[in-house]
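**Student:**
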Amino acid sequence: MVDLALLQTVSYIAAATSVCLAALYYALNLREANRNRRMALTTSLMQSFISEEGAKRFMDLANMQWTDFDDYYRKYDSTVNPENAAKRVAYWNACEVLGYQYREGIIDIGTLNAASTQLITTIWAKFKPIIEEYRKFDYSKNTYENWEYLANEMNRTILERDPSYRGPQRGLGGDAYEKAFKR
2 MVDLALLQTV SYIAAATSVC LAALYYALNL REANRNRRMA LTTSLMQSFI SEEGAKRFMD
62 LANMQWTDFD DYYRKYDSTV NPENAAKRVA YWNACEVLGY QYREGIIDIG TLNAASTQLI
122 TTIWAKFKPI IEEYRKFDYS KNTYENWEYL ANEMNRTILE RDPSYRGPQR GLGGDAYEKA
182 FKR
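Under our numbering, think of the first position of the sequence shown as 2, with each following residue one higher.
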């Protein structure tokens, strides 16, 4: 005959094992759901960069020309050129959100590098002096700080892989890339 204490022990062990397996299943399921959510978010945001429209927007921004902040302001500020400002701010804000997501660990640097390394760093290098001027009188001092952080991290990653990289020179006013990243 089977002892009642043995049956209770087996019952307790079975219950504990079931609870542990359920917790493990829940943790794995939660991890997979989080991974899927990150992938959907990454895919959605990357469309700002890897789509045909994103490439055109990048080229429009990269081809903008000015001599100094006053020249830029006369040509491109939102008060005189709202169409350009809308393109620019949409791109800048996408970079800012990606920078925030990178800082928060929502998106990883490998994915960002694969999809948009030079797009993000090139546009940051080009517009850094403009953003710094706007920070003096129109923006808060931390406006686009997440984008700046991301661009610096991406540039660091580029240099780890290719220490001789100097950045794109066309459309950036000579050594703008090197100035932006203080090399």
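Backbone N, C-alpha and C define an ideal beta-carbon position, used for all residues, glycine too. Computed from a predicted structure; not experimentally measured.
State yes or no: is the C-beta of A115 within less than 8 Å of the C-beta of A177?
**Tutor:** The answer is no: Cβ separation not under 8 Å.
**Student:** Thinking C-beta only, is A181 closer than 8 Å to K1?
**Tutor:** No answer is possible for residue 1: the residues shown for the chain start at 2 and end at 184.
**Student:** Which value, in whole angstroms, describes the spacing of the CA atoms of A23 and A41?
**Tutor:** Each residue's alpha carbon lies about 27 Å from the other.
**Student:** Using a threshold of 8 Å, state whether the C-beta atoms of L120 and R89 are closer than that.
**Tutor:** Not in contact: L120 and R89 (Cβ atoms no closer than 8 Å).
**Student:** What is the DSSP secondary structure of V81, counted as helix, strand or coil?
**Tutor:** Coil.
**Student:** Exposed or buried, what is S45 when buried is set at 16 or more other beta-carbons lying within 10 Å of its beta-carbon?
**Tutor:** By the 10 Å Cβ count, S45 comes out exposed.
**Student:** Counting only runs of 3+ residues fully inside the stretch 23-71, write out the beta strand (DSSP E) ranges in chain order.
**Tutor:** If we require 3 residues or more, the stretch 23-71 turns out to have no beta strand (DSSP E) run fully inside it.
**Student:** I need the straight-line Cα distance from A91 to V98, nearest angstrom please.
**Tutor:** Between A91 and V98, the C-alpha separation is close to 11 Å.
**Student:** Given Y145, which residues of its chain have a CB within under 6 Å of its CB, disregarding the five upstream and five downstream residues?
**Tutor:** Here the set comprises E97, I132.
**Student:** Helix, strand or coil for E105, going by three-state DSSP, please let me know.
**Tutor:** Coil, per DSSP.
**Student:** Would you kindly check if the distance between the Cβ of R104 and the Cβ of N147 is under 8 Å?
**Tutor:** Cβ distance < 8 Å, so N147 and R104 count as in contact.
**Student:** Please list, in chain order, all residues of the same chain as Q9 whose beta carbon is under 7 Å from its beta carbon, the five residues on each side excluded.
**Tutor:** Cβ within range, chain order: n/a, list empty.
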